[in-house]
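For the first sequence, our numbering begins at 104 and goes up steadily by one. Beta carbons are placed, not taken as given, at the ideal position from N, Cα and C, and that holds for glycine.
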Amino acid sequence: MHTPSNQSHLLGRLKQRPEFLRVAQEQRRWTATGLSVQIAPNARDTSRFGLTITKKIYKEAVKRNRIRRRLRALAYEVLSEFLPQGYDIVLIGRAETLERPYDDLKKDLLWCLKRLGV
RNA sequence: UCGGAAGAUCGGAUGGCUGCGGGGCUUUUGUUGCGUGUGUUUUGGGACUAUUCCCGGAGCAGGCGGAUCAAGGCUUCGAGGAAAGUCCGGGCAUCAUGGAAACACGGCGCCGGGGAAAUCCCGGAUGGAGUAAUCCACUGGACAGGGCCACAGAAAAAAUGUAGCUGGGAAAACAACCCCCAGUCAUAAUGAAAAGGUGCGGUAAGAGCGCACCGCGCGACCGGUAACGGAAGCGGCAUGGUAACCCCCGCCGGAUGCAAGAUCAAAUAGGGGCCGCACAUGAUGCGUUUUCACAUCGUGGCCCGGGUCGAUCGCUUGACGAAUCUGGUAACAGAUUGCGCAGAUGAAUAGCCAUCCCCGACAGAACCCGGCUUACAGGUCUUCCGAAAAU
């Protein structure tokens, strides 16, 4: 879309529910303390990411918003650097995402990517 | 100074790096389509002896203009007092509806004022709490009618008469008990409540039977816009509670909610129109047969219509807020202004770091506005009350 940064233009966003379901059906999932990751190849020359934070984790909208913002910042920083082209990835928030130190979250995400063989 | 009451207001600060959503201005290149006019090719019609001229269609090339979209630059704005719960009142939209009324159903219920309206707000009345400031209250009607009032108690509503008290009768030597008749409810027992209370008189015993005080009912008149308050006098006392049970009276109320709804519009199904082509010596249609005529049946293109995916609008400037002044006890109203006001749609307003402090509560807009209710760390300000001290 129109992201001016020199790195994040590689990253699109998943927006439609069917796109999320397709990634989930691929069954490639790994969970760390701070977050869960689902991934699927998308047959494109760019990668895209989506975020899922359910009401099950926190009832209050404020806490869910904060989790979403931390994950989004994480995605722009880490995925644009380490995620190869041609993948759709979904980051799923957990209860610990809210308070976990940012550096640990970063390690969690990298570890998940490694275990998923990317 | 201590304790208390009411109201208003704020809701971490500063800086750095990296970012997000909306608007505006601007630059460049590209994309798409539009307008304009130029050159050129080709073609139809007309005028003319002819060169040629006039009118129209199609293709190609590049020019200019102002847009759309994308990217870059600059600039500006970017969550709350409750954004929450979705409980009321409206705006707006669609649907239904000839008008009006009545019935049904639901809601509301002291008086006056405010407000678009409300079950909201302000002021007052009444009752209650507090030394006070102040706070609390679903506050019409129980002689329109019905229902209910547990347990206990004789009796729970136009009272009754269990124990008891008194008189008379009967019986008897006399008295008492038992029995019969009459009067009565002071006394006793039950209960949340027993049909005025206390005292004196009175009586066979008693009773508002009489009187005084208190209470209650009616109430001339006075004050107040009103709710209501005060009250001379009159009445011997009469209409127990519950309407948050039905009900009666008065007032109010269509339904559904922005996923409302409107516009544009790939695609698909079925439908309609026009044009071209094809067949046909065919099939079907009007009782049968033959002949003739007519209509339909095929296929291609374009258009209309349809409305899915999608896109745009609705979508944020309005019964708005703020400041100042004026009127009003106040709610609020009026005037003025180099004043302020998000608009997303997998959904922006952030991530990380540093410093400081009192170490940060409840909590995230989703069509808009007015209320209500609920949650909330801590800070600031104003007014008032009580006590102590000082003057």
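Residue of the options minimising C-alpha distance to residue i
i: residue 200; options: 154, 124, 192; result: 154
i: residue 178; options: 162, 216, 202; result: 216
i: residue 180; options: 133, 206, 142; result: 206
Nearest-angstrom Cα separation, counted from residue j out to residue i
i: residue 204; j: residue 194; result: 17 Å
i: residue 211; j: residue 218; result: 11 Å
i: residue 182; j: residue 161; result: 25 Å
Opposing strand residues paired with residue i [DSSP bridges]
i: residue 133; result: 140
i: residue 193; result: 141, 153
i: residue 116; result: 152
Integer Cβ distance of residue i from residue j, believed to fall under 8 Å
i: residue 172; j: residue 156; result: 10 Å between Cβ atoms; not a contact.
Proximal residues to residue i (C-beta, below 6 Å), its chain only, five neighbours per side dropped
i: residue 139; result: 195
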